[in-house]
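Protein sequences appear in the order of chains A and B.
So in my numbering, spot 88 of the first sequence is number 88, and the numbers just go up one at a time.
Offset between the second sequence (1-based) and my numbering: plus 1000.
Positions of the beta carbon are idealized from the N, C-alpha and C atoms, including for glycine.
These notes concern the structure reproduced below.
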Amino acid sequence: AQRVTQPEKLLSVFKGAPVELKCNYSYSGSPELFWYVQYSRQRLQLLLRHISRESIKGFTADLNKGETSFHLKKPFAQEEDSAMYYCALRMIKAAGNKLTFGGGTRVLVKP
Amino acid sequence: EPEVTQTPSHQVTQMGQEVILRCVPISNHLYFYWYRQILGQKVEFLVSFYNNEISEKSEIFDDQFSVERPDGSNFTLKIRSTKLEDSAMYFCASSEAWREGYEQYFGPGTRLTVT
């Protein structure tokens, strides 16, 4: 069965400092990995997916299949990055397509 | 930009009562999902739905739960006889397709409180 682990429940950093959110997964096949973000009082929204290999809002994430990790990084955190971040995994197969989420990491960026 | 909507935003019900949570997925999407998040816990998959059938369901989704697409726009989750442990945030999601690269768009959630 697939599993996603986010070891940090809370990350508190100062504005301008780097931030790294850890995500490890276990899955025997080849997964699709995502980072979702939930700003205060807003819905879950997709931040990044591993297949697009792009930078969104200064965030990047690299899938490391050897270490089964998909850590999210930003070199210079901004106050507007304060939010809840969820790592998620999906197996691509016919129709089922469920997302398996990690427990989430709350990021607090202090001025 | 089109969004998934959910009603109500908050539902309070007594144990043993039936509740129906409503979702309007994005109009051209074909795949629909329900997830829930008990306070302080992970977002958990409940069920996926396509072509008027359940595609996959989790072990949480027992006989007390059912889903329906009663018309061309709504997607509902019914809990037949609510228990205290059903108290959670329930999220609806939809996607255009299931293939790699097609994301799931989430609604704002319905907070269900069972007393």
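Residues from the segment 1036-1049 of chain B in contact with chain A, defined by Cβ distance under 7 Å: Taking 7 Å as the Cβ-Cβ cut-off against chain A, the residues of the segment 1036-1049 of chain B that qualify are Lys1042, Val1043, Phe1045 and Ser1048.
N-terminal and C-terminal residue of the beta strand (DSSP E) that A:Asp81 is part of: On the first sequence, residue 81 of chain A is found 81 positions in, with the first residue counted as 1. Counting along the chain, A:Asp81 falls outside any beta strand (DSSP E), and DSSP gives it neither H nor E.
Cutoff 7 Å; reference A:Ser26; Cβ partners in own chain excluding five residues on either side: Along the first sequence, read from residue 1 onward, the residue named residue 26 of chain A stands at position 26. These residues qualify, in order along the chain: Gln2, Arg3 and Thr68.
Anticipated Cβ contact below 8 Å, A:Gln42 with A:Gly102, distance rounded: Residue mapping note: residue 42 of chain A aligns to position 42 of the first sequence, counting from 1. Residue mapping note: residue 102 of chain A aligns to position 102 of the first sequence, counting from 1. At roughly 19 Å, the Cβ-Cβ gap does not stay under 8 Å, so A:Gln42 and A:Gly102 are not in contact.
Contacting residues, own chain, Cβ-Cβ under 6 Å from B:Phe1075 (five flanking each side not counted): As a working mapping, residue 1075 of chain B is identified with position 75 in the second sequence. Closer than 6 Å at Cβ, skipping near neighbours: Cys1023, Pro1025, Phe1032 and Arg1069.
Residue of A:Leu33, A:Leu72 and A:Gly66 minimising C-alpha distance to A:Ile56: Numbered from its first residue, the first sequence carries residue 56 of chain A at position 56. When only C-alpha atoms are compared, the closest one is A:Leu72.
Distance CB(B:Gln1064)-CB(B:Arg1080) smaller than 8 Å: Mapped onto the second sequence, residue 1064 of chain B falls at position 64. Mapped onto the second sequence, residue 1080 of chain B falls at position 80. Inclusion of B:Gln1064 and B:Arg1080 in the CB contact set at 8 Å is warranted, their separation being smaller than that value.
Nearest candidate by alpha-carbon position, reference B:Ala1093, set B:Leu1021, B:Gln1017, B:Gln1014 and B:Gly1016: Locating residue 1093 of chain B in the second sequence gives position 93, where the first residue counts as 1. Ranking the options by Cα distance to B:Ala1093, first place goes to B:Leu1021.
Residue environment, B:Asn1028, which counts as buried when at least 16 other CB atoms sit within 10 Å: Here residue 1028 of chain B refers to the residue found at position 28 of the second sequence. Exposed is the call here.
Below-8 Å beta-carbon distance, B:Phe1065 vs any chain A residue: As a working note, residue 1065 of chain B is residue 65 in the second sequence. Judged by the 8 Å Cβ criterion, B:Phe1065 is not in contact with chain A.
3-residue-minimum beta strand (DSSP E) runs that sit fully inside the segment 1033-1098 of chain B, ordered along the chain: Listed in chain order, they are 1043-1050, 1053-1057, 1065-1068, 1075-1079 and 1088-1095.
CB of A:Val19 within 8 Å of CB of A:Ala83, strictly: In the first sequence, the residue the question calls residue 19 of chain A occupies position 19. In the first sequence, the residue the question calls residue 83 of chain A occupies position 83. The answer is no: Cβ separation not under 8 Å.
8 Å contact criterion, which A:Tyr86 and B:Val1043 should meet: CB distance rounded: Here residue 86 of chain A refers to the residue found at position 86 of the first sequence. Here residue 1043 of chain B refers to the residue found at position 43 of the second sequence. Between B:Val1043 and A:Tyr86 the Cβ distance is about 7 Å, and since that is below 8 Å, they are a contact.
Cβ neighbours of A:Glu32 in the same chain (closer than 8 Å, five flanking residues each side left out): Mapped onto the first sequence, residue 32 of chain A falls at position 32. Here the set comprises Arg49, His50, Ile51, Leu89, Arg90, Met91 and Ile92.
Under the three-state DSSP convention, the category A:Phe76 falls into: By 1-based counting over the first sequence, the position of residue 76 of chain A is 76. Three-state DSSP puts A:Phe76 in coil, outside helix and strand.
Chain B within 8 Å of A:Lys98, Cβ atoms only: As a working note, residue 98 of chain A is residue 98 in the first sequence. True, the Cβ-Cβ gap to chain B drops below 8 Å.
Burial state of B:Arg1036, where buried means 16 or more other Cβ atoms lie within 10 Å: Walking along the second sequence from the start, residue 1036 of chain B turns up at place 36. By the neighbour-count criterion, in which a residue is buried when 16 or more other Cβ atoms sit within 10 angstroms of its Cβ, B:Arg1036 is buried.
Partners in chain B for A:Tyr86, counting only beta-carbon separations shorter than 9 Å: As a working note, residue 86 of chain A is residue 86 in the first sequence. What A:Tyr86 touches in chain B: Lys1042 and Val1043.
In DSSP terms, what A:Cys23 is bridged to: Sequence index remark: in the first sequence, residue 23 of chain A carries index 23 (1-based). For A:Cys23, which the question treats as bridged, DSSP gives no partner whatsoever.
Identified DSSP bridge partners for A:Val13: Numbered from 1 along the first sequence, position 13 holds the residue referred to as residue 13 of chain A. When DSSP reads this structure, A:Val13 sits in a beta bridge with A:Val109.
Start and end residues, beta strand (DSSP E) containing A:Tyr39: Numbered from 1 along the first sequence, position 39 holds the residue referred to as residue 39 of chain A. Note, A:Tyr39: premise wrong, no beta strand (DSSP E); not H, not E.
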